[in-house]
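J.: Protein chains in written order, with my numbering: chain L, 3 to 149; chain D, 3 to 149.
Even for Gly, the Cβ is constructed at its ideal location relative to N, Cα and C.
This structure is a prediction, so every number in the text was calculated from the model and none was measured.
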DNA sequence: TGTTAGTTCGCACTCTTTGCAGATTGACAA
DNA sequence: TTGTCAATCTGCAAAGAGTGCGAACTAACA
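1) Mind checking which residues open and close the alpha helix (DSSP H) that includes residue 70 (chain L)?
2) Looking at C-beta atoms only, is the number of pairs between the segment 88 to 100 of chain L and the segment 111 to 129 of chain L that lie closer than 8 Å three or more?
3) In chain L, which residues lie with their C-beta within 8 Å of the C-beta of residue 142 (chain D)?
4) Do you know whose CA, among D:21, D:31, D:84 and D:32, lies nearest residue 102 (chain D)'s CA?
5) Shortest alpha-carbon distance to residue 106 (chain D) belongs to which of L:79, L:106, L:108 and L:116?
6) Of all Cβ atoms in chain L, is any one closer than 7 Å to the Cβ of residue 125 (chain D)?
7) DSSP three-state label for residue 74 (chain D), please.
8) Less than 8 Å between the CB atoms is what I'm expecting for residue 46 (chain D) and residue 30 (chain D), so what's the real figure, rounded?
9) Please say whether residue 6 (chain L) and residue 28 (chain L) have beta carbons closer to each other than 7 Å?
10) If we ignore side chains and look at the alpha-carbon of each, how far apart do residue 138 (chain L) and residue 104 (chain L) end up?
11) Roughly how many whole angstroms lie between the Cα atoms of residue 62 (chain D) and residue 132 (chain D)?
12) Between the C-alpha atoms of residue 110 (chain D) and residue 100 (chain D), what's the straight-line distance to the nearest angstrom?
13) Assign residue 1 (chain L) to one of three DSSP states: helix, strand, or coil.
14) Assuming residue 72 (chain D) and residue 82 (chain D) make a contact with CB atoms under 8 Å, what is their CB distance in whole Å?
15) Using only the alpha-carbon positions, how far apart do residue 43 (chain L) and residue 59 (chain L) sit?
16) Going by the CB atoms, is the gap between residue 54 (chain L) and residue 23 (chain L) shorter than 7 Å?
17) Closer than 7 Å, CB to CB, is residue 81 (chain D) near chain L or not?
18) Measuring alpha carbon to alpha carbon, tell me which residue in L:66, L:119, L:19 and L:21 is nearest residue 32 (chain L).
19) Where do the ends of the alpha helix (DSSP H) carrying residue 24 (chain D) lie?
20) Leaving out five residues on either side along the sequence, give the residues of the same chain with a beta carbon under 7 Å from the beta carbon of residue 87 (chain D).
21) Buried or exposed: which applies to residue 77 (chain L), given that a residue is buried once 16 or more other Cβ atoms fall within 10 Å of its Cβ?
22) Starting from the beta carbon of residue 99 (chain D), find every residue of chain L whose beta carbon is closer than 7 Å, and list them in chain order.
23) Decide if residue 39 (chain D) is buried, meaning its Cβ has at least 16 other Cβ atoms within 10 Å, or exposed.
24) Need the endpoints of the beta strand (DSSP E) that residue 129 (chain D) sits in, please.
25) Determine which residues share a DSSP beta bridge with residue 106 (chain L) and list them.
26) Listing by chain order, which chain L residues have their CB less than 8 Å from the CB of residue 84 (chain D)?
Following this line, the structure appears as structure tokens:
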């Protein structure tokens, strides 16, 4: 995703207005690596700008996504997550706490794939799931406590 | 997924009852390759057993999934889809009509993956998305019709 | 400073799925 | 065949995640 300053340019160039709400969201998303949900972003935004609406958060996020400035990701935890990293990458999700991290995969061009006949493929996404360190150690702690 | 007869055994062995509703759903899912949603299955079931409730469809599907007899898949089209194919496989979804097909991938063990440090990975799923033949030809037809 | 088109916000509403509780009914024993 | 009891079924309410809409507001530019 571009920097807040660049996005300001881009928005104006596209006939879109740059409002305080949008600037706030540009800032909250820029360099954000936690893959927040709209609700999480709304909480952060509300802390800095009381009164901002969840509707506006969804609106702006959708706009950014349709401009290709951020990616919508669905890791199966219910709510869509937003990722300002537009590099070619994939994700890993902790099935316990839902934490999401970026994953880079090389060599996918050498995979032998069977069953795509008839499809014109536009995208391939790989989602790893497992347990993050924090949740793994929590489990160990609880196990020790139990026995 | 096991055959309806085998599932009957398994259910009884696990202290679960085999009701007409469940038998119907066993039959509808066995060998089913369309990856139906609960709603779609409910429609089929209703045609054969008027009065069956959507709640029961969800219940039974969830039971089968927790017994490992079918997989819950989320291709980002809104509703969860159910897959009786429990082989190690992946999926491709048509971004236009939502059709889902099974895909077999070999060589994934040779991928170079960066970013999984700290995670104990339990699963990796690959989701291809693109346009199916039907939708591709529809697009062509419409384009021709337009001129 | 005025005009106007783009925005914001809140509310109602859709969609998918789950929780609950009373009415039913398999499964097994007598 | 009958009885018992836990498992099930069904309908309805409700939760979570988004989206459509319209009135009030405001950024952008003349």
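T.: Taking the structure as given:
1) According to the DSSP assignment, residue 70 (chain L) belongs to no alpha helix (DSSP H), since it is labelled neither H nor E.
2) The segment 88 to 100 of chain L is in contact with the segment 111 to 129 of chain L.
3) Residues of chain L whose Cβ lies closer than 8 Å to the Cβ of residue 142 (chain D) do not exist, since the nearest Cβ in that chain is about 11 Å away.
4) Nearest of D:21, D:31, D:84 and D:32 to residue 102 (chain D), Cα basis: D:84.
5) Of the listed residues, the one whose Cα sits closest to residue 106 (chain D) is L:116.
6) Taking CB atoms only, residue 125 (chain D) has a neighbour in chain L less than 7 Å away.
7) In this structure, residue 74 (chain D) counts as strand in the three-state DSSP scheme.
8) 6 Å between Cβ atoms; contact.
9) A contact, by the Cβ cut-off of 7 Å.
10) It is roughly 19 Å from the alpha-carbon of residue 138 (chain L) to the alpha-carbon of residue 104 (chain L).
11) When rounded, the distance between both Cα atoms is 31 Å.
12) Roughly 25 Å between the two C-alpha positions.
13) The displayed coordinates of chain L run from 3 to 149. Any statement about residue 1 (chain L) would go beyond what the structure contains.
14) With 8 Å as the limit, residue 72 (chain D) and residue 82 (chain D) do not qualify as a contact, their Cβ atoms being about 11 Å apart.
15) Going from the Cα of residue 43 (chain L) to the Cα of residue 59 (chain L) covers about 7 Å.
16) Yes, the pair counts as a contact, with Cβ atoms nearer than the cut-off.
17) The C-beta of residue 81 (chain D) comes no closer than 7 Å to any C-beta of chain L.
18) Among L:66, L:119, L:19 and L:21, the Cα nearest to that of residue 32 (chain L) is on L:66.
19) Unbroken alpha helix (DSSP H) run through residue 24 (chain D): 22 to 31.
20) Once the five neighbours on either side are set aside, the close Cβ partners of residue 87 (chain D) are 104.
21) Buried, since its Cβ has 16 or more Cβ neighbours within 10 Å.
22) Under the 7 Å cutoff, chain L gives no residues; its nearest Cβ is about 11 Å from residue 99 (chain D).
23) With 16 or more Cβ atoms within 10 Å of its Cβ, residue 39 (chain D) is classed as buried.
24) Segment 122 to 133, the beta strand (DSSP E) holding residue 129 (chain D).
25) Answer is D:116.
26) Here the premise fails: no neighbours, minimum Cβ distance about 14 Å.
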